[in-house]
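Colleague: Going line by line, the protein sequences match chains A and B. Residues in the first sequence are numbered consecutively from 1, following the numbering used here. Residues in the second sequence are numbered consecutively from 1001, following the numbering used here. All residues carry an ideal CB built from backbone N, CA and C; glycine is no exception. Keep in mind the model is a prediction, meaning the values are calculated, not measured. Just passing along the structure, written as structure tokens.
Protein chains: 2
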Amino acid sequence: MTTATFAPEHDHQQCVSKALGTAEHLCLLRGVQLTPIRHQVLELIWSSHKAVKAYDLLDLIKPLQQAAKPATIYRALDFLIEQGLIHRVESLNAFVGCRCSDQQHEQLLLICSQCQEVEERSAADVMKTLAQEAEQAGFVIHSKAVEIHGVCGKCASKVQS
Amino acid sequence: MTTATFAPEHDHQQCVSKALGTAEHLCLLRGVQLTPIRHQVLELIWSSHKAVKAYDLLDLIKPLQQAAKPATIYRALDFLIEQGLIHRVESLNAFVGCRCSDQQHEQLLLICSQCQEVEERSAADVMKTLAQEAEQAGFVIHSKAVEIHGVCGKCASKVQS
DNA sequence: TTGAGTGTGTTATATTGTAACAGTCACAGA
DNA sequence: TCTGTGACTGTTACAATATAACACACTCAA
């Protein structure tokens, strides 16, 4: 059902099941509930590597949860963000699955304006430089949003052909 | 009228006039029009170092431009962003004056959750590391949003006292 | 058995942003 | 002098994004 969009050869179903498996595992470990609604929202977000809008999720989940309202979605999103299972893409008002929810969480988002896909990179060196810069300013960091817009490698090579 | 908010000792009126002066100069140079509405919006944004919301600007400009509507504001904001005179703070849906509109434009925003002020830093090394990271991924950068949330030096030292 | 915590349902509304078309004005070229 | 074109603004309507507030259900422990 879910189609591969991240790379021609990539088995997206595997991405999804890995992400859901990790999520289930982490929630169990942490003693928090990955309820059916939350699970469905997470699965819908993972249906591609594109960032998904809250109201699109609402439309998508309606067949499964007929009572779904904006609050239904936003509550699930809040939970998933809190648990580090998804990221909010600030510059798009949209949400994307986190590929490293089980690891240290300093990511940078590469957002392709052609294919809409979002690639997450941990970029330890970027984060270190950022931390230094903040420290110089006497600034105590709580959270970071590093979002880069442009054209991804795949799309760039397509354009050239 | 405009009150100093950026630092106890800082003369904010000077900030404002410098920013407006630079803006007028740049627009003249570029042959674009800093119309009264655009000028007023820019001045209102510069009334503090906090990020300002579009609808707050609308309320603020109503006494000056009674016909002002959302479109009035958003058009002015689009222009000011295009000219690099202000930044959009993606993670706040708000806007802040740019302190280096006449220079190379790769900035990082430090957003204080206590005093709401936004400090802009050019952070050449951060941007360079970011560029390297993107290049590794074969990604062609169009624009960047680097927004750091936390507590600024001033507020941090206040909390300690 | 009751009360606290957690999750969801439901209604209403707040906030943020855009589309589309009309009117005005200045200025260049016929 | 006309006239048409481009840039800016006025105006109406609406789309898209997000939250508040209160009610209900269920679980689990005291």
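Quick check: the Cα distance between Cys1155/B and Gln136/A, rounded to an integer number of angstroms?
Modeller: Approximately 15 Å, taken between the alpha carbons.
Colleague: Any contact between the stretch 113-121 of chain A and the stretch 1116-1126 of chain B? By contact I mean 3 or more CB pairs, one from each, below 8 Å.
Modeller: Result no; under three Cβ-Cβ pairs closer than 8 Å.
Colleague: Does any CB atom of chain B fall closer than 7 Å to the CB of Thr5/A?
Modeller: Low confidence applies to Thr5/A: its pLDDT is 48, below 50, so where it sits in the model is not reliable, and the reading given next is rough at best. Thr5/A does not count as touching chain B.
Colleague: For chain B, is any of its Cβ atoms less than 7 Å away from the one on Cys115/A?
Modeller: No, its Cβ sits nowhere closer than 7 Å to a Cβ of chain B.
Colleague: Thinking Ser1122/B and Cys1100/B are a contact (beta carbons under 8 Å), I'd like their distance in whole angstroms, please.
Modeller: Correct: roughly 7 Å between the Cβ atoms.
Colleague: Since Ile1148/B contacts Leu1092/B with CB under 8 Å, what's their CB separation in whole angstroms?
Modeller: Not a contact, Cβ separation roughly 12 Å.
Colleague: Taking Cβ-Cβ distances shorter than 7 Å, what residues in chain A pair up with Glu1133/B?
Modeller: Simply Leu108, Arg121, Ala123, Val126.
Colleague: In angstroms with no decimal places, state the Cα-to-Cα distance between Trp46/A and Val96/A.
Modeller: For Trp46/A and Val96/A, the distance between alpha carbons rounds to 7 Å.
Colleague: For a quick check, are the C-beta atoms of Leu1044/B and Ala1023/B less than 7 Å apart?
Modeller: Result no, Cβ atoms of Leu1044/B and Ala1023/B do not sit closer than 7 Å.
Colleague: Skipping 5 residues on each side, what residues in its chain have a beta carbon closer than 7 Å to that of Ala94/A?
Modeller: Hits under 7 Å: Ala51, Val52, Lys53.
Colleague: Is Ile111/A close to chain B? Criterion is C-beta to C-beta, closer than 7 Å.
Modeller: No, because no Cβ of chain B sits closer than 7 Å to the Cβ of Ile111/A.
Colleague: Using 8 Å for Cβ pairs, my map puts Phe139/A next to Gly1150/B. What's the rounded Cβ distance?
Modeller: Going by Cβ atoms, the distance from Phe139/A to Gly1150/B rounds to 6 Å, so yes, they are a contact pair.
Colleague: Rounded to whole angstroms, what is the Cα-Cα separation between Ser71/A and Leu80/A?
Modeller: In the sequence as presented, Ser is not what sits at residue 71/A; that position holds Ala. Cα to Cα, Ala71/A sits roughly 14 Å from Leu80/A.
Colleague: Can you confirm whether Lys18/A, when its beta carbon is compared against all beta carbons of chain B, has any partner nearer than 7 Å?
Modeller: Chain B, which has no Cβ nearer than 7 Å to the Cβ of Lys18/A, makes this no.
Colleague: Which term fits Thr129/A, buried or exposed, when burial requires 16 or more other beta carbons within 10 angstroms of its beta carbon?
Modeller: Label assigned to Thr129/A: buried.
Colleague: Here's the rule: buried if 16 or more other CB atoms are within 10 angstroms of the residue's CB, otherwise exposed. What is Ser1143/B?
Modeller: Ser1143/B comes out exposed.
Colleague: Exposed or buried, which one is Glu82/A when buried takes at least 16 other CB atoms within 10 Å?
Modeller: By the 10 Å Cβ count, Glu82/A comes out exposed.
Colleague: May I ask you to list, following chain order, the residues of the stretch 1017-1049 of chain B that have a beta carbon less than 7 Å from some beta carbon of chain A?
Modeller: Answer in chain order: no residues at all.
Colleague: Along the alpha helix (DSSP H) that carries Phe79/A, what are the first and last residues, could you check?
Modeller: From DSSP, the alpha helix (DSSP H) with Phe79/A extends over 70-82.
Colleague: Tell me which residues of the stretch 1141-1156 of chain B have at least one Cβ-Cβ distance to chain A shorter than 7 Å, keeping chain order.
Modeller: Cβ contacts with chain A come from Ile1141, His1142, Ser1143, Lys1144, Ala1145, Val1146, Glu1147, Ile1148, His1149, Gly1150, Val1151, Cys1152, Gly1153, Ala1156.
Colleague: Which parts of the stretch 1005-1053 of chain B are runs of the alpha helix (DSSP H), unbroken and 4 residues or longer, counting only runs that do not cross its ends?
Modeller: As far as the stretch 1005-1053 of chain B is concerned, its whole alpha helix (DSSP H) runs of at least 4 residues are 1012-1030, 1036-1045.
Colleague: Would you tell me roughly how many angstroms separate the C-alpha atoms of Leu58/A and His1087/B, rounded to the nearest one?
Modeller: One C-alpha to the other measures close to 31 Å.
Colleague: Given a limit of 9 Å on CB to CB distance, which residues of the stretch 56-73 of chain A reach chain B?
Modeller: Taking 9 Å as the Cβ-Cβ cut-off against chain B, none of the residues of the stretch 56-73 of chain A qualify.
Colleague: Taking the straight line between their C-alpha atoms, what separation do you get for Gln1065/B and Arg1075/B?
Modeller: Straight-line Cα distance between these residues: approximately 14 Å.
Colleague: Report the rounded CA-to-CA distance for Glu1133/B versus Thr1035/B, giving the unit in angstroms.
Modeller: Approximately 40 Å, taken between the alpha carbons.
Colleague: Please tell me whether Leu1080/B has its Cβ less than 7 Å away from any Cβ of chain A.
Modeller: No, Leu1080/B does not count as interfacial toward chain A.
Colleague: For Ser1091/B, return the contacting residues in chain A, with the cut-off set at a CB-CB distance below 8 Å.
Modeller: By Cβ distance, chain A contributes Glu90, Ala145.
Colleague: CB-CB under 7 Å to Thr131/A, same chain, minus the five flanking residues each way: which ones, in chain order?
Modeller: According to the sequence shown, residue 131/A is Ala rather than Thr. If we look at Ala131/A and ignore the five residues flanking it on each side, its Cβ neighbours are Ile141.
Colleague: Going by DSSP in three states, Ala1124/B sits in which element: helix, strand or coil?
Modeller: Correct three-state label for Ala1124/B: helix.
Colleague: Which partner residues of Gly1153/B appear in the DSSP bridge assignment?
Modeller: BP columns for Gly1153/B are empty, so no partner.
Colleague: Give me the Cβ distance between Asp102/A and Leu26/A, rounded to the nearest whole Å; I'm assuming they're in contact under 8 Å.
Modeller: Indeed they touch by this definition, with Cβ atoms about 6 Å apart.
Colleague: Residues in the same chain with beta-carbon distance under 6 Å from Ala1145/B, minus the five sequence neighbours each way, listed in chain order, please.
Modeller: If we look at Ala1145/B and ignore the five residues flanking it on each side, its Cβ neighbours are Glu1090.
Colleague: Considering only heavy atoms of the ligand NAP, does any lie closer than 6 Å to the CB of Ile1111/B?
Modeller: Summarising the ligand content, the structure contains no ligands, and the ligand NAP is consequently not present.
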